[in-house]
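Quick note on full-length UniProt numbering: the sequence shown kicks off at 1 and runs consecutively.
Have a look at the structure below, then the notes.
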Amino acid sequence: MTAITGAAPAAARRTARPREAAAVRLVRWGTVAALVAVWEAVTRLTGSGDYLTSPSRIVADGLPKVLEGDSLTLVGYTTYRFLAAFAVTAVAGPAIGLLLGRLNKHVYLGGRDVVSVLYALPMAPLYPLFVLWLGLGDGSEIAFGAIHGIIPVILMTMTAGAAVEPAVLDSGRAMGAGRLRRLLFLVVPACLPDIIGALKIGAALSLLGVLLAELMISVDGVGTFISTQITNHGAAPLDAMVLVVCAGALAVNALLSAIERRASRGRPDRP
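So this is what it looks like as structure tokens:
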């Protein structure tokens with residue numbers, strides 16, 4: 001009798017989940033549609049097309065400009081720099097974070113304070129130093145993107161690594177696993193969802209760093225395209241390129257979110 005009674009709420013929860021997900025999607029896309037409609041109405045009523053372009057003009061006038069061969073080449077330069085910067089972030093960030101989080105308590109506490117200070121620093125004024133050290137071009141822009149992304153990844157990973165339950169490590173030690181094996185087969189799986197969540201932030205900040213570098217000192221890339229359109233008052237191409245960059249960032253975020261959900265399967269929901 002108890003089993004039957006307990007099964008009923010579980011079945012009800014399973015039935016409610018698709019409805020809840022559908023409601024969330026409806027609210028999400030309804031909000032987007034409402035914002036686009038308001039955007040279109042405001043630009044048409046105020047006649048501010050030179051500064052705030054309507055979505056219809058962005059699609060009709062701006063998007064073809066962005067899809068030209070020269071513009072796509074600039075997008076390719078930025079994409080390459082972002083992927084290189086994010087690769088550095090994705091490899092070095094978790095490795096350094098796990099090292100600082102698991103080495104010992106004093107290293108973790110001291111390292112956390114240092115990394116927190118670095119995270120709070122504004123990086124934009126430091127870009128001339130990257131140009132001085134690495135020269136103009138891909139090297140300084142990739143490094144600037146990587147330094148933006150890697151610091152939060154280190155901070156979040158070391159916090160997750162330090163929070164692994166001692167009982168998990170004790171069980172591995174009892175089965176004869178050495179320190180490296182415990183790190184690889186116990187700590188890393190326990191921290192994996194947190195690491196992927198940190199990489200979502202790192203990806204966005206790596207892209208931001210690359211774009212900032214291109215906007216400040218660059219002769220190619222999306223940043224150069226944006227600077228040119230600002231100078232020429234090309235509102236429609238400018239907005240179209242911004243939307244293309246946002247779409248790319250959302251695609252990367254969606255991919256990492258899917259990986260995060262897969263890595264979180266079987267783990268209890270967090271409050």
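Note that CB positions come from ideal geometry on N, CA and C, so glycine has one too.
Asked, Found
"Span separating the alpha-carbon of Val75 from that of Thr43", "28 angstroms"
"Buried or exposed (CB count within 10 angstroms, at least 16 for buried), residue 279", "The chain is shown from 1 up to 271; residue 279 falls before or after that span and cannot be answered."
"Cβ-Cβ distance between Gly110 and Ile154 below 8 angstroms", "no"
"Span separating the alpha-carbon of Val164 from that of Cys191", "8 angstroms"
"Complete runs of the alpha helix (DSSP H) confined to the region 19-105 [at least 4 residues]", "63-66 and 69-102"
"Cβ-Cβ distance between Ser264 and Ala85 below 8 angstroms", "no"
"Contact under 8 angstroms by Cβ, Glu141 with Val242", "no"
"Bounding residues of the alpha helix (DSSP H) (the contiguous stretch that carries Met156)", "Asp138 to Ala162"
"Residue range of the unbroken alpha helix (DSSP H) whose run includes Leu205", "Val188 to Met216"
"Same chain, Cβ closer than 7 angstroms to Ala174, neighbours up to 5 away in sequence not counted", "none"
"Nearest-angstrom beta carbon gap, Ala236 and Ile96 [assumed within contact, 8 angstroms]", "About 43 angstroms separates the two Cβ atoms, so there is no contact after all."
"Start and end residues, alpha helix (DSSP H) containing Asp170", "Pro166 to Ala174"
"For Gly178, three-class secondary structure by DSSP", "coil"
"Segment contact flag, the region 211-224 with the region 61-80, C-beta cutoff 8 angstroms, min 3 pairs", "yes"
"Sequence-distant residues of the same chain with beta carbon closer than 7 angstroms to Met216, five excluded per side", "Tyr127"
"Assigned exposure category for His148 - 16 Cβ within 10 Å defines buried", "buried"
"Asn253 - containing alpha helix (DSSP H), residue span", "Ala235 to Ala263"
"Rounded distance between the beta-carbons of Gly172 and Leu186, thought under 8 angstroms", "5 angstroms"
"Three-state secondary structure assigned by DSSP to Asp220", "coil"
"Contact set for Glu260: own chain, Cβ-Cβ below 7 angstroms, skip 5 residues either direction", "Pro193, Ile196 and Gly197"
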